[in-house]
Amino acid sequence: MSKHDAPTDDSPTAEPTPDTTGKTGAISLDNLNKTYDPEGEHVVAVEDMDLDVAAEEFVALLGPSGCGKSTVLECIAGYLEPTEGEVVVDGTPVTNPDPKRGVVFQENRLFPWKTIKENVEFGPRMHEGVEEGRAESILDEMGLDGFEDAYPSELSGGMQQRAELARLLANDPAIMLMDEPFSALDALTKEIMQKKLLEVWERDNRTVLFITHDVEEAILLADRVAIMTARPGQIKDVIDVDIDRPRDPEVVTTDRFTELRERALSVIREEAERALEQEDGA
88 MSKHDAPTDD SPTAEPTPDT TGKTGAISLD NLNKTYDPEG EHVVAVEDMD
138 LDVAAEEFVA LLGPSGCGKS TVLECIAGYL EPTEGEVVVD GTPVTNPDPK
188 RGVVFQENRL FPWKTIKENV EFGPRMHEGV EEGRAESILD EMGLDGFEDA
238 YPSELSGGMQ QRAELARLLA NDPAIMLMDE PFSALDALTK EIMQKKLLEV
288 WERDNRTVLF ITHDVEEAIL LADRVAIMTA RPGQIKDVID VDIDRPRDPE
338 VVTTDRFTEL RERALSVIRE EAERALEQED GA
């Protein structure tokens, strides 16, 4: 079964088994609401959203474009303040960013004027100090040995994403928040990065919230897949991915994978159509 014992309840409010082991990285969204007022227009991005992610669980977040997935992630990261409700991590409300909640975005956010090694060392240097040899060790693990002194512009897109992941790991976060990190990569590079991410997650016992538009990627990687409605975003369905680990790419050909994929696609199609209707009626 999966590394985390996910629930069997198929309802949208399904929650993981409460953790009593002292593990860190549990996330709870309690009646999360986020509204914006750009240029005087009132936009409800997320409305009354509840979701619990257990410590060390891998949860993928799916939904139609514009449903508020990135808004949810940025609230968890502490970059955005909820309009109502709260985000709680390990029993404490989130009020600010914290290096223990690491974030990787789709676009490259490496500092272009710093070398790859300097980028990886930046977070620890700002917070706790740099452990001798740690940057080199992480870069070696990410397959970037020999590129310590290179600049981001000198690396391919896949290598830049490896550097982004290395920079995140250097802070030793309990929670990894990932916003479509592999969506711009070619198929082979994406498969390599997915495998590397799972290796890190299974070894280091971190919590992962992974945003993606790719249904197959979500099912391949996650313990559970949470699917959001069209805006205003809420949880429409939560799918327990009851496929044994470790999972290799060939698992996508199995009957159970196909069943889970079709269930997820059915929900997303319904919400995507509703989103188009909202746009037509605007």
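Letter by letter, the sequence shown follows residues 88 to 369 in the numbering used here.
In this text, a Cβ means the ideal position worked out from N, Cα and C, and glycines have one as well.
Cβ-Cβ distance between residue i and residue j below 9 Å
i	j	result
Cys162	Val146	no
Ala222	Ala257	yes
Ala132	Gly155	yes
Arg332	Val339	no
Glu168	Thr182	yes
Leu350	Glu144	Looking at the sequence shown, residue 350 is not Leu but Arg. Taking 9 Å as the Cβ cut-off, Arg350 and Glu144 do not qualify as a contacting pair.
Asp52	Ser115	One cannot answer for residue 52 here, as it falls past the ends of the chain, which runs 88 to 369.
Ser152	His300	yes
Leu242	Glu235	no
Leu272	Gly244	yes
Presumed contact (8 Å Cβ cut-off) between residue i and residue j, rounded CB distance
i	j	result
Gln247	Leu197	6 Å
Gln193	Pro268	6 Å
Thr294	Gly112	3 Å
Phe344	Ile306	6 Å
Residue i CB to nearest heavy atom of the ligand SAM below 8 Å
i	result
Met280	For the structure depicted, the ligand SAM is absent and the ligand set is empty, with no information on it obtainable.
Rounded straight-line distance, which links the Cα of residue j to that of residue i
i	j	result
Asp266	Val207	19 Å
Val170	Ile262	Looking at the sequence itself, residue 170 is Thr, so the reference to Val does not match. When rounded, the distance between both Cα atoms is 23 Å.
Ile322	Glu303	19 Å
Ser353	Thr276	28 Å
Lys121	Tyr238	37 Å
Trp200	Ile326	43 Å
Val328	Gly150	17 Å
Glu357	Phe297	22 Å
Asp453	Gly233	There is simply no residue 453 to check, as the chain begins at 88 and stops at 369 in what is shown.
Ser224	Val287	13 Å
Gly127	Pro336	47 Å
Gln365	Lys110	42 Å
Leu148	Pro125	25 Å
The stretch 274 to 284 in contact with the stretch 244 to 256 per 3-pair CB rule at 8 Å: yes
Whole beta strand (DSSP E) elements within the stretch 159 to 226, 3-residue minimum: 171 to 176 and 188 to 191
Runs of alpha helix (DSSP H) lying entirely within the stretch 240 to 306, each at least 4 residues, in chain order: 244 to 257 and 274 to 291
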